[in-house]
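The sequence shown begins at 1 in UniProt numbering and counts up one residue at a time.
See below for the structure under consideration.
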Amino acid sequence: VANHGSPFAWWYGQLMSYILRLQTTALKKISDFKTSSGYKHPIVGVHIRRTDKHTEAAFHDVQEYMVQVEDYYAELSLTRRVEKKRVFVATDEPRVVDEIRTK
1 VANHGSPFAW WYGQLMSYIL RLQTTALKKI SDFKTSSGYK HPIVGVHIRR
51 TDKHTEAAFH DVQEYMVQVE DYYAELSLTR RVEKKRVFVA TDEPRVVDEI
101 RTK
């Protein structure tokens, strides 16, 4: 701690990582999901809300999300070989998945 530039921030980080740690049951559920879904690295998660968000925020076209995905994979490819670009889509609008597949 004495060699840390901000001891308060270090202690805060330690405390938060302890408080927010995942419980064994949650870790098992995550592991089971990864196994059953064929989850592999690297993967980019995209959360696209359509039905309940239109009054709170501006509409963003799928292409805007995909630009960010491409930027991520371009940067990642500088340090490692990317054989397959995977995208995990969370959405409340099923048509978004079809739209992403075409882009």
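Glycine included, every Cβ here is placed at the ideal spot set by N, Cα and C.
#1: Assuming the contact rule is C-beta atoms closer than 8 Å, residue 130 and V87 should be a hit. Round their C-beta distance to whole Å, please.
#2: So the alpha helix (DSSP H) G13 belongs to, where does it begin and stop?
#3: Pull up the distance between the alpha-carbon of G13 and that of A90, whole angstroms please.
#4: Give me the residue from W11, S17 and V69 with the minimum Cα distance to V82.
#5: Assign I43 to one of three DSSP states: helix, strand, or coil.
#6: In the DSSP assignment, what residue or residues form a beta bridge with T91?
#7: Could you compute how far the alpha carbon of E99 sits from the alpha carbon of H4?
#8: What three-state label does DSSP hand R81 in the structure shown?
The relevant details are as follows:
#1: Residue 130 is absent from the model: the chain starts at 1 and stops at 103.
#2: P7 to I19
#3: 29 Å
#4: V69
#5: coil
#6: I48
#7: 48 Å
#8: coil
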